[in-house]
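Engineer: Below is a structure I'd like to ask you about.
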């Protein structure tokens, strides 16, 4: 249906939209973001109503976009694509008042959520997580791509003894931080890599490791030495979490989980509590990262363990990207070097 620019109903629509936009701008001095989100939702709702009741077609959005940009030059929020997003926003959230987390997020975050997350429960979880932790839009996109909700949001997937070994609210916060599996596919190593190789790669890419672990972690060192009764022991990685006020011991196992792995980590937690923890710190927490685990074995191993420990799997690349493969020596070159080394050893004998 063609729109007559002199049509009284259409002019009323544009005039009312301009009035509401001016009102939103005035209120924005007190609450910039939330007022603009309410305006976007309101405009999206009204657009949807007019397109449904008045049967104005796709040209309607183009006309609204053109007129609003004429009246408010330099404003980027009235593109056709953004008007379509507003309409979708209003459709997905028919009651904005009850959407407490979403209405407080920047518009860029909301666009990501409504375009990339279909499930309303999952979308609400990401909204609350972003608001609570001050997540940037770029980080939110990465979290959605890496399916953070499935790995961190579902308590039934988490194998820990935090609830039994930590006081509240520390246990709740530790559970919120915990994920399974941890996604380390940003590392330039494959699933066949040895523990030392994975650990070295993690240290070389600490900024990305912190992004995967979550906010609040401070790096204390790798192969961190502890001495007990004259014997040295080395922690794979030691962190400190500023919000939990706890040391965080990370042990890496490039194998399937074994019960003795949990026992060894429990020993490390006891030593850190004794040698490093201050009176104001909370109990040290352990994270055991393994290539594969049996849920039942992990639960049995944790049942009589004194220290708070979480057991999770990690994910690495199945094979290196081609751009990295070309920088590695070929199998023939490696075999040739190995033969030369063997021959050299034989001569020395």
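In my numbering, the protein residues as written are 7 to 355.
Ideal placement from N, C-alpha and C gives every residue a C-beta, glycine not left out.
Can you grab the Cα-Cα spacing for the pair residue 311 / residue 143, in whole Å?
Structural biologist: For the purposes of this step, residue 311 is identified with residue 305 of the chain shown, where counting begins at 1. For the purposes of this step, residue 143 is identified with residue 137 of the chain shown, where counting begins at 1. C-alpha separation (whole angstroms): 39 Å.
Engineer: Please list, in chain order, all residues of the same chain as residue 22 whose beta carbon is under 7 Å from its beta carbon, the five residues on each side excluded.
Structural biologist: Looking up residue 22 in the chain shown gives position 16. Closer than 7 Å at the Cβ level, and outside the excluded window around residue 22, lies no residue.
Engineer: Using CA atoms only, rank isn't needed, just tell me which of 166, 242, 222 and 288 is closest to residue 201.
Structural biologist: Here residue 201 refers to the residue found at position 195 of the chain shown. Cα-wise, what sits closest to residue 201 is 242.
Engineer: Does the beta-carbon of residue 115 have 16 or more other beta-carbons within 10 angstroms, so that it is buried, or is it exposed?
Structural biologist: Within the chain shown, residue 115 is the residue found at index 109, counting from 1. It is buried - the Cβ of residue 115 has at least 16 other Cβ atoms within 10 Å.
Engineer: Kindly indicate which residue of 236, 24, 218 and 183 has the alpha-carbon position closest to the one of residue 315.
Structural biologist: Start at 1 with the first residue of the chain shown, and residue 315 comes out as number 309. Here the closest residue by C-alpha is 183.
Engineer: Go ahead and pull the three-state DSSP assignment for residue 264.
Structural biologist: The residue given as residue 264 occupies position 258 in the chain shown. Looking at residue 264 - three-state DSSP - the assignment turns out to be coil, as it is neither helix nor strand.
Engineer: Could you give the distance in angstroms between the alpha-carbon of residue 29 and the alpha-carbon of residue 65?
Structural biologist: Locating residue 29 in the chain shown gives position 23, counting from the first residue. Locating residue 65 in the chain shown gives position 59, counting from the first residue. Each residue's Cα considered, the two are about 26 Å apart.
Engineer: In the DSSP assignment, what are the bridge partners of residue 74?
Structural biologist: Reading the chain shown from its first residue, position 68 is the one you call residue 74. DSSP, once it has assigned bridges, lists no residue as partnering residue 74.
Engineer: Give me, in chain order, the residues of the same chain whose beta-carbon lies closer than 6 Å to that of residue 93; leave out the 5 immediate sequence neighbours on both sides.
Structural biologist: For this step, residue 93 is matched to residue 87 along the chain shown. Closer than 6 Å at Cβ, skipping near neighbours: 50, 53 and 54.
Engineer: Rounding to the nearest angstrom, what Cα-Cα distance links residue 235 and residue 105 in this structure?
Structural biologist: Here residue 235 is taken as the residue at index 229 of the chain shown, counted from 1. Here residue 105 is taken as the residue at index 99 of the chain shown, counted from 1. Cα to Cα, residue 235 sits roughly 57 Å from residue 105.
Engineer: Rounded C-beta distance between residue 20 and residue 73? I'm assuming under 8 Å.
Structural biologist: As a first step, residue 20 must be located in the chain shown, where it is residue number 14. As a first step, residue 73 must be located in the chain shown, where it is residue number 67. The pair is a contact, with the Cβ atoms about 5 Å apart (cut-off 8 Å).
Engineer: Taking only three categories from DSSP, how would you classify residue 178?
Structural biologist: Start at 1 with the first residue of the chain shown, and residue 178 comes out as number 172. DSSP places residue 178 in helix when its eight states are reduced to three.
Engineer: Which whole-angstrom value is the C-beta distance of residue 190 and residue 218, which I expect to be below 8 Å?
Structural biologist: Position 184 of the chain shown, counted from the start, is the residue given in the question as residue 190. Position 212 of the chain shown, counted from the start, is the residue given in the question as residue 218. Right, the Cβ-Cβ distance comes to about 7 Å (below 8 Å), so this counts as a contact.
Engineer: Have a look at residue 27 and residue 14 and give me their C-alpha separation to the nearest angstrom.
Structural biologist: Translated into positions along the chain shown, residue 27 becomes position 21. Translated into positions along the chain shown, residue 14 becomes position 8. Distance between the alpha carbons of residue 27 and residue 14 is about 20 Å.
Engineer: With three or more beta-carbon pairs closer than 8 Å as the criterion, would you say the segment 167-176 touches the segment 197-217?
Structural biologist: The segment 167-176 is not in contact with the segment 197-217.
Engineer: Given this structure, state the Cα-to-Cα distance separating residue 258 from residue 273, to the nearest angstrom.
Structural biologist: As a first step, residue 258 must be located in the chain shown, where it is residue number 252. As a first step, residue 273 must be located in the chain shown, where it is residue number 267. Answer to the nearest angstrom: the Cα atoms are 15 Å apart.
Engineer: Bridge partners of residue 318, per DSSP?
Structural biologist: The residue given as residue 318 occupies position 312 in the chain shown. Note: residue 318 sits in a beta bridge opposite 295.
Engineer: Taking DSSP as the reference, what is the three-state secondary structure of residue 324?
Structural biologist: The residue you call residue 324 lines up with position 318 of the chain shown. Coil at residue 324, not helix or strand.
Engineer: Look up residue 258 in the DSSP assignment and give the residues it is bridged to.
Structural biologist: Along the chain shown, read from residue 1 onward, the residue named residue 258 stands at position 252. Residue 258 pairs with 295.
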